[in-house]
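Chains as they are written, first to last, in this note's numbering: chain R, 35 to 292; chain A, 35 to 292.
There are 2 protein chains.
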Amino acid sequence: MENQELFVPSVHSSLEILEWLSKEEHKYSTLTDLSNNLHISKSTCLRILKTLTAKGYLSYNSDSKNYSLGFSLIPLGIRSQEINDRIGRAIAYLPQVAEDTGITAVLVKRIDHRLMYIGKQEPLQKIRLTVTVGETFPIHVGALGKCFLAYLDTATRAALLSEYTTNGTFPTYTDHSLTHLDQLLEQIDQIRREGVAQSNGEYNVGINAVACPIFDERKKIILVLGGFTLNPIQDTDKWEEMKKKMIRHAHKISELII
Amino acid sequence: MENQELFVPSVHSSLEILEWLSKEEHKYSTLTDLSNNLHISKSTCLRILKTLTAKGYLSYNSDSKNYSLGFSLIPLGIRSQEINDRIGRAIAYLPQVAEDTGITAVLVKRIDHRLMYIGKQEPLQKIRLTVTVGETFPIHVGALGKCFLAYLDTATRAALLSEYTTNGTFPTYTDHSLTHLDQLLEQIDQIRREGVAQSNGEYNVGINAVACPIFDERKKIILVLGGFTLNPIQDTDKWEEMKKKMIRHAHKISELII
Chain R
35 MENQELFVPS VHSSLEILEW LSKEEHKYST LTDLSNNLHI SKSTCLRILK
85 TLTAKGYLSY NSDSKNYSLG FSLIPLGIRS QEINDRIGRA IAYLPQVAED
135 TGITAVLVKR IDHRLMYIGK QEPLQKIRLT VTVGETFPIH VGALGKCFLA
185 YLDTATRAAL LSEYTTNGTF PTYTDHSLTH LDQLLEQIDQ IRREGVAQSN
235 GEYNVGINAV ACPIFDERKK IILVLGGFTL NPIQDTDKWE EMKKKMIRHA
285 HKISELII
Chain A
35 MENQELFVPS VHSSLEILEW LSKEEHKYST LTDLSNNLHI SKSTCLRILK
85 TLTAKGYLSY NSDSKNYSLG FSLIPLGIRS QEINDRIGRA IAYLPQVAED
135 TGITAVLVKR IDHRLMYIGK QEPLQKIRLT VTVGETFPIH VGALGKCFLA
185 YLDTATRAAL LSEYTTNGTF PTYTDHSLTH LDQLLEQIDQ IRREGVAQSN
235 GEYNVGINAV ACPIFDERKK IILVLGGFTL NPIQDTDKWE EMKKKMIRHA
285 HKISELII
């Protein structure tokens with residue numbers, strides 16, 4: 035928070051509660067869970083929970099003593115899509131991407147030094163990859179992170195990367211993670227030349243990703259269109275075809291939102 | 035609010051700000067607008083606005099000095115649909131209703147003594163009726179209100195109606211509004227027999243509506259499926275066909291969400 039004076043702790047805590055409950059593994063949490071994990075005193079936490087529940091922003095199950103996200107968030111979310119209509123239009127396009135490519139299509143947006151899934155569409159298959167909308171991940175990982183970084187100006191990119199590097203080295207997530215800043219910068223050049231990023235289990239073992247930038251009217255990157263698949267990256271023809279499709283869809287979305 | 039002690043004023047104010055900004059006519063509001071209309075002191079209001087903006091729940095336009103709903107609400111809304119999955123599934127069905135009937139399809143849910151639009155789908159026509167998701171209206175008006183009341187138990191219905199009646203008389207909104215409780219109770223009997231409610235400009239001049247109940251697994255009404263049209267109710271054949279379609283769709287939704 036930039037300015038501590040212009041900051042209401044209880045409002046901030048209520049947002050943290052909503053965000054916590056939006057995570058798959060915490061979608062049903064008790065007062066004690068929330069109070070402990072978010073470091074909010076139990077009495078304050080209870081008062082916030084009651085206030086949010088009274089207006090339908092949370093649901094309370096008196097048998098299990100669990101709180102979960104309430105239905106009042108649904109209309110607010112839909113309205114926010116309508117008002118932020120470029121993002122709403124981009125999200126509404128995702129089913130076309132999933133149908134055309136047969137992979138799970140996502141849109142991510144930057145928040146500070148992380149990227150957040152703001153929309154997703156899974157293909158029509160019985161077993162399919164999924165993500166949780168609202169979840170965030172480090173800005174330097176996988177195809178989506180590399181794609182976002184590739185289209186930032188050099189100073190912003192350097193500042194963001196300094197959050198993650200120690201002596202030019204990244205934390206690793208899998209055996210395939212990029213470990214050195216040099217490696218990343220090299221790939222960034224290639225991504226800018228080709229207009230598409232790819233990754234092969236760099237953040238999650240076995241999951242391959244492809245990502246393309248979406249630009250606003252000033253040609254600045256505002257979103258990344260990504261796709262996740264279990265299909266091996268080695269099957270070059272299919273993979274190259276998918277990259278082409280993703281580039282085409284990202285262009286379409288850029289045009290749609292201008 | 036049931037218990038003033040269990041209530042955090044700044045959290046409550048922040049929810050009121052989000053709800054205010056979700057209304058079409060207030061979607062861009064200044065600090066002064068918000069502070070005056072919601073009776074929040076300017077300094078508290080500014081601190082709440084800054085807290086909400088810092089986390090992406092509001093956007094601030096420094097040229098116009100306007101606040102509007104931010105994109106962080108989008109993932110929360112989508113997550114709430116997923117977690118409240120019966121409501122999410124009902125909302126996801128609306129495009130089928132709009133396509134099949136050619137009218138604007140809505141879902142409403144009760145909040146206290148009002149009904150809230152929690153989902154909508156407009157038909158594919160150049161000029162079409164719309165509503166704002168998140169808006170509420172009195173529980174006794176039009177086809178949707180009558181439908182909801184019809185399927186409540188008698189005591190709950192009487193308690194809700196007492197909020198609106200003075201000596202058995204309702205406030206009127208148009209020349210076609212129901213004015214007497216007796217009239218309403220008579221219609222309620224008919225609605226229960228036919229399984230569908232209709233109205234003809236009772237709340238908005240010229241707008242006709244049709245509404246059917248959606249039940250949970252205990253056969254309690256939890257949502258109302260409604261449709262709005264400008265087509266005159268007198269065109270009996272078409273109207274009767276539409277009512278049948280709406281009954282069928284409401285049944286489908288009831289089955290889907292159990």
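Every residue gets a Cβ at the ideal spot worked out from N, C-alpha and C, and that includes glycine.
So is LEU80(A) in contact with chain R if we call contact Cβ pairs under 8 Å?
LEU80(A) counts as touching chain R.
Counting only C-beta atoms, is PRO247(R) closer than 8 Å to chain A at any point?
Not one chain A Cβ lies under 8 Å of PRO247(R).
Find out if the Cβ-Cβ distance for the pair ILE248(R), ALA184(R) is shorter than 8 Å.
No.
Using the C-alpha atoms, what's the distance from LYS84(R) back to GLU36(R)?
Note that GLU36(R) has pLDDT 45, beneath the 50 cutoff, so the model's placement of it is unreliable and the number below is only indicative. In a straight line, the C-alpha of GLU36(R) is about 29 Å away from that of LYS84(R).
Mind listing the chain A neighbours of GLN130(R)? Cutoff is C-beta to C-beta under 8 Å, in chain order.
Within chain A, no residue comes near GLN130(R); the closest Cβ sits about 15 Å away, beyond 8 Å.
Is PHE41(R) near the ligand GDP - that is, is its Cβ less than 7 Å away from at least one heavy atom of it?
Ligands displayed in this structure: none; no statement on the ligand GDP is therefore possible.
Taking 8 Å as the CB-CB limit, is HIS305(A) close to chain R?
Outside the shown range of chain A, which is 35 to 292, sits residue 305(A), and nothing can be said about it.
Check whether the Cβ atoms of LEU290(A) and ALA124(A) sit closer than 8 Å, and answer yes or no.
Cβ distance < 8 Å, so LEU290(A) and ALA124(A) count as in contact.
Is any beta-carbon of chain R found at less than 8 Å from that of ARG113(A)?
Yes, ARG113(A) lies at the interface with chain R (some Cβ there is under 8 Å from its Cβ).
So, are the CB atoms of SER44(R) and VAL42(A) less than 8 Å apart?
Contact flag set, yes.
Starting from TYR127(R), trace the alpha helix (DSSP H) in both directions and tell me its first and last residue.
TYR127(R) -> alpha helix (DSSP H) spans 119-135.
Suppose you measure from the CA of ALA177(A) to the CA of LEU40(R); what does that come to, to the nearest Å?
Going by the C-alpha atoms only, they are around 46 Å apart.
Please report the straight-line C-alpha distance between THR64(A) and SER196(A), rounded to a whole angstrom.
Distance between the alpha carbons of THR64(A) and SER196(A) is about 37 Å.
Would you verify that the beta carbon of MET35(R) is, or is not, closer than 8 Å to some beta carbon of chain A?
No answer about MET35(R) holds up, because its pLDDT of 42 lies below 50 and its placement is not dependable.
DSSP three-state label for MET35(R), please.
For MET35(R), the pLDDT reaches just 42, beneath the cut-off of 50, and the residue's location in the model is therefore unreliable, although a value from the coordinates is still provided. Looking at MET35(R) - three-state DSSP - the assignment turns out to be coil, as it is neither helix nor strand.
Which same chain residues end up closer than 6 Å to GLN155(R) when comparing Cβ atoms and leaving out the 5 residues on each side of it in sequence?
LEU128, PRO129, ALA132 and ALA139.
Would you mind sorting LYS277(A) into buried or exposed? The rule is 16 or more other CB atoms within 10 Å of its CB.
Burial call: buried.
Tell me which same chain residues have a C-beta within less than 7 Å of the C-beta of SER56(R), skipping the five on either side of it?
Cβ neighbours of SER56(R) beyond the five flanking positions: LEU103 and GLY168.
Please identify the residue among ASN95(R), MET280(R) and ASN201(R) whose C-alpha is closest to the C-alpha of VAL230(R).
Closest by alpha carbon: MET280(R).
Determine the chain R residues that contact SER276(A) at a beta-carbon separation under 7 Å, and present them in chain order.
This sequence places Met at residue 276(A); Ser is not what is there. Ordered by position in chain R, no residue passes the 7 Å Cβ test against MET276(A), which lies about 25 Å from the chain.
Could you spell out where the alpha helix (DSSP H) holding LEU290(A) opens and where it closes?
Its alpha helix (DSSP H) spans residues 270-291.
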